[in-house]
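Student: Residue numbers (the numbering used here): 16 to 146. Quick one: the structure is below, questions incoming.
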């Protein structure tokens with residue numbers, strides 16, 4: 016055999032070895048591609064309903080958030096009215112205190128006038144009775 020023939024045999028053997036090692040690799044890549052395709056189908060089937068449900072939940076949350084925003088003004092008005100009621104109760108309490116103080120003072124004056132009146136009448140009656 017000539018040198019060219021030997022080289023050709025070596026190249027042919029190397030090519031056969033290369034093909035023999037490439038076949039399992041190509042089959043593995045094919046199985047991987049099939050697995051990725053089935054995973055993609057499964058994800059698409061399971062994620063579509065989930066994404067639709069999330070979309071509806073987000074829509075409901077937006078509605079609830081809008082309702083809360085609308086009622087914020089009502090709560091502010093309620094709190095303002097509550098503050099005004101507190102101020103009115105404070106004013107009524109001060110007025111009642113003033114009236115109570117005035118009644119107490121009047122009672123003291125009336126009691127004093129009664130005692131003074133009794134004293135004056137008793138003094139008058141003693142002077143008359145003593146005459």
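Ideal Cβ placement from N, Cα and C applies to all residues, glycine included.
Which of the three DSSP states, helix, strand or coil, is assigned to residue 23?
Tutor: Residue 23 sits at position 8 when you count from the first residue of the chain shown. DSSP places residue 23 in helix when its eight states are reduced to three.
Student: Please report the straight-line C-alpha distance between residue 87 and residue 97, rounded to a whole angstrom.
Tutor: Taking the chain shown and counting its residues from 1, the one referred to as residue 87 is at position 72. Taking the chain shown and counting its residues from 1, the one referred to as residue 97 is at position 82. Distance between the alpha carbons of residue 87 and residue 97 is about 15 Å.
Student: Using DSSP with H/G/I as helix, E/B as strand and the rest coil, what is residue 16?
Tutor: Walking along the chain shown from the start, residue 16 turns up at place 1. The answer is coil: DSSP assigns residue 16 none of H, G, I, E or B.
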